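Residue numbers (our numbering), protein chains in the order written: chain A, 1 to 342; chain B, 343 to 603.
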Amino acid sequence: MPIAESNQGADDLTAHVAAVTAHPPATVSSSVSSPGGDADTGLAIRVRGLRRNYGDHQAVRRIDFDVARGEILAFLGPNGAGKTTTVEILEGFRKRSAGEVSVLGADPEHAGPDWRARVGIVLQSSKPERLLRVRECLELYAGYYPAPLDVDYALDLVGMTDKAGERCEKLSGGQQRRLDVALALVGDPELVFLDEPTTGFDPSARHMAWNMIRDLRGLGKTIFLTTHFMDEAEYLADRIVILAAGRIVASGTSETIGDRASAATIIRFTLPENVTAEGVPPVAGTVTASGDRRVEISTPDPMPALGVLSSWAARHGYPLSDISVDRSSLEDIYLRLTEDAS
Amino acid sequence: MTAPAITAHQIRYDLRVFLRDPAARVFTLVMPVLLLLLYCSIFGNSKFSDGGQAIGGRDYFVPRIIAQGITGAALTNLVYIVVTKRENGALKRRRATPVRAWMLITSEVATSILTAVAIVAALVLISWFAYGVHLTAAQTAEVAGATLLGTAAMCALGFAVTTFIPTAESAGPGVTLVTFLLFAISGVYFPETLLPGWVRDVAQVFPVRPLALGVQNAYAPASGHPGHIALQFLELAAWGVGGILIASRRFSWIPGAELEH
């Protein structure tokens, strides 16, 4: 276990919060330089001081993060934030300008076929394999690996058993994406990169995909998920890293990221016809009222405020039937963090 | 699986994809056979002059169409297949697995060689049995040698050409157009004696005419340009080496749109 984790007192990998930017790289690397490399540390991915320049443009500016074995990490960020560059460096498809990168204990830039056999990659924009049937496609890819999954089992994992004989080009977008996932899994990898796996899915296909990804974690795979969908990250990820303008602007669980746990709660309701905003009892926080009698209370301490409001409403017999209590959504946090950065 | 077993596995699937592709079948396998039937029927064996020597129409056209068949299988088809796979991400996806680059390249080349050998064998057999164009054992060996050298050179050139073609859409029409022009100036579609000398000189710079003359030398050693035959093979080999040099510097497994800027 690296120091980054022991500070959190978390021995549960799924609760692993790597506030690694707070730790000098030297401290961290001294704790993981044991014989056997990262394999002994519980880390699937370790990134320190990663930079990538394209000419004068700095796409990735010194980022640090870890991914623990067995966890699902969601990597978020707007277009142009450096996400694809980072992922492709981790996948061994791109070179870095500076920094240390270790993926399953090896530097992806120089890793060979043995390393490739342990990593599954679902590319962002892959089209069907031309003129092959689904089963043939899986058989082709299974043949590349030393210890592949049974093709029938891989088909079953992604729910494509009944499509085994179909030509790949005939599949719907969602089915094609599931085949992509099956192709990435057929080598039985330890680590799976999923780049926007549900883009273009309808809601039911998306939920099927989510269940499948959770099943993968159940099989002990580490999953590095890139996505644009906050609900996807919230539903699936053990931990979230948000990248903006080439820097990590926040990392944590979906509950705590960007101080979400301590962020203000918003209470909203509509006043009865004969009541003005002045009639609302004082509560901690800021009260704003609009012309159509909508009241919005932003409070750091929701329970006392709700107590005051409910006894006030009960005393006067106000129904306040449209009252809602919301935490700031992950999307709010994401938008605030990424706008601040750019 | 061992490395040769994985390569053989890849060749099986590459061949299967080729055989399922109607456009590839028509352009690579059907077209040369149709051309052969057409030209051997039209020209019979009437003699015409080539390089100051008299040559029979069949002795002239069979080798030219063999050269066209080899170019179609090893250059046009390879470029089309490799660019399509590159642009739809199939090459990148393969490179994300443990399969090695040389296995994939070997498989593409082997598929082209098998295809080229099949089309040359079909052309030789059809012209033999339907039109009485016979070969001695030594001549057959020469045709086989020219076929292998020509296929290897065209494959190498094919990998180089893919690096100049940005999209899958342009791969088919673009290469077909360029090779059509090369075939025309290299005397595949009509006797090259009808062409001005300078056009023949231009054609001689490109690899199709040297390959055609190499095969023609096997079919009609007395007719053509026997003194130059070594030069023809040397030029083909030079094109092959040039192709390897360009491809090894420029070849990409990644779709053009994703290349680093």
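Where is the CB? At the ideal position from N, CA and C, for every residue including glycine.
Since we're looking at a predicted model, the values are computed, not measured.
Contact with chain A by residue i, beta-carbon distance below 8 Å
i, result
"A432/B", "yes"
"D363/B", "yes"
"T407/B", "Going by the sequence as given, residue 407/B is Ile instead of Thr. False, the Cβ-Cβ gap to chain A never drops below 8 Å."
"T509/B", "no"
"I348/B", "yes"
"A443/B", "no"
"V424/B", "no"
"A438/B", "yes"
"M343/B", "yes"
"H351/B", "yes"
"Y531/B", "no"
"R435/B", "yes"
"Y473/B", "no"
"Y561/B", "no"
"Y355/B", "yes"
Rounded C-alpha distance that separates residue i from residue j
i, j, result
"T370/B", "E71/A", "50 Å"
"F65/A", "V47/A", "5 Å"
"Q574/B", "L553/B", "7 Å"
"A22/A", "G49/A", "The predicted position of A22/A is uncertain, since its pLDDT is 34 and thus under 50; a value taken from the coordinates is nonetheless stated next. In a straight line, the C-alpha of A22/A is about 13 Å away from that of G49/A."
"K127/A", "F193/A", "17 Å"
"K389/B", "Q410/B", "22 Å"
"P319/A", "N430/B", "59 Å"
"I588/B", "T489/B", "23 Å"
"G37/A", "A347/B", "Residue placement at G37/A cannot be trusted, given a pLDDT of 43 that sits under 50; what the coordinates show is reported in the next sentence. Their backbone Cα atoms lie some 33 Å apart in a straight line."
"S528/B", "T222/A", "58 Å"
"R336/A", "S329/A", "11 Å"
"E100/A", "V441/B", "26 Å"
"V241/A", "F224/A", "11 Å"
"A583/B", "P197/A", "Reading off the sequence shown, one finds Val at residue 583/B, where the question assumed Ala. C-alpha separation (whole angstroms): 42 Å."
"T349/B", "S204/A", "40 Å"
"Y153/A", "D326/A", "43 Å"
"T505/B", "R592/B", "6 Å"
"R214/A", "D188/A", "16 Å"
"L378/B", "S97/A", "57 Å"
"A68/A", "G42/A", "6 Å"
"E484/B", "H570/B", "15 Å"
"L601/B", "R52/A", "15 Å"
"R428/B", "D332/A", "39 Å"
"A74/A", "A237/A", "6 Å"
"N211/A", "S321/A", "35 Å"
"G398/B", "Q558/B", "11 Å"
Within chain B, the residues that residue i reaches when beta carbons sit closer than 9 Å
i, result
"A44/A", "Going along chain B, no residue has its Cβ under 9 Å from A44/A, so there is no contact; the nearest lies around 17 Å."
"K127/A", "E429, N430, G431, A432"
"R116/A", "R437, A438, T439, P440, V441"
"P197/A", "Simply none; closest approach about 15 Å."
"P348/A", "One cannot answer for residue 348/A here, as it falls past the ends of chain A, which runs 1 to 342."
Below-8 Å beta-carbon distance, residue i vs any chain B residue
i, result
"L337/A", "no"
"Y318/A", "no"
"Y153/A", "no"
"L183/A", "yes"
"G187/A", "yes"
"L140/A", "yes"
"G143/A", "yes"
"E166/A", "no"
8 Å Cβ cut-off: residues of chain B touching residue i
i, result
"R130/A", "V359, D363, T426, K427, N430, A432"
"E91/A", "A438"
Chain A contact residues for residue i, given Cβ-Cβ distances below 9 Å
i, result
"R367/B", "What R367/B touches in chain A: nothing, since even the nearest Cβ is about 11 Å away."
Contacts of residue i in chain B (Cβ-Cβ under 7 Å)
i, result
"I121/A", "A438"
"P78/A", "Chain B residues near P78/A: none, gap ~18 Å exceeds 7 Å."
Minimum Cβ-Cβ distance from residue i to chain D less than 8 Å
i, result
"P108/A", "Given the protein chain composition of this structure (A and B), no chain D is represented."
Contact test: residue i Cβ vs the ligand GTP heavy atom, cutoff 7 Å
i, result
"G386/B", "You won't find the ligand GTP in this model; it holds no ligand whatsoever."
So, does the segment 168–187 of chain A touch the segment 132–147 of chain A, judging by three or more C-beta pairs under 8 Å?
Cβ pair count under 8 Å is three or more, so yes.
Using 8 Å as the cut-off, can you tell me whether the segment 82–100 of chain A makes contact with the segment 251–262 of chain A, which would need three or more C-beta pairs spanning the two stretches below that distance?
The segment 82–100 of chain A vs the segment 251–262 of chain A: no contact.
Ignoring anything shorter than 4 residues, give me the alpha helix (DSSP H) runs that lie fully in the segment 213–240 of chain A, in order along the chain.
If you keep only unbroken alpha helix (DSSP H) runs of at least 4 residues inside the segment 213–240 of chain A, you get 230–236.
Is it a yes or a no for the segment 155–173 of chain A touching the segment 78–88 of chain A, going by three-plus beta-carbon pairs under 8 Å?
no
Entirely enclosed alpha helix (DSSP H) segments - the segment 420–494 of chain B, minimum 4 residues:
432–437, 443–473
Any chance the segment 488–502 of chain B sits against the segment 410–421 of chain B, with 3 or more Cβ pairs inside 8 Å?
yes
Looking at C-beta atoms only, is the number of pairs between the segment 442–457 of chain B and the segment 547–563 of chain B that lie closer than 8 Å three or more?
With the rule of 3 Cβ pairs closer than 8 Å, the segment 442–457 of chain B does not count as touching the segment 547–563 of chain B.
Within the chosen definition, does the segment 301–313 of chain A reach the segment 267–279 of chain A through at least 3 CB pairs nearer than 8 Å?
yes
I'd like to know if the segment 506–519 of chain B and the segment 374–388 of chain B are in contact, where contact means that at least 3 CB-CB pairs between them fall below 8 Å.
no
Under 8 Å: do the segment 288–308 of chain A and the segment 227–243 of chain A share three or more Cβ pairs, one atom per stretch?
no
Scan the segment 304–337 of chain A and note each continuous beta strand (DSSP E) run of 3 residues or more that stays entirely inside, going in chain order.
324–327
Please specify which runs of the alpha helix (DSSP H), each continuous and at least 4 residues long, are wholly inside the segment 356–430 of chain B, giving them in chain order.
373–385, 399–413, 419–429
Quick check: the segment 457–474 of chain B against the segment 395–406 of chain B, are there 3 or more CB pairs under 8 Å?
yes
Secondary structure, alpha helix (DSSP H): runs of 4+ residues fully inside the segment 240–273 of chain A:
none
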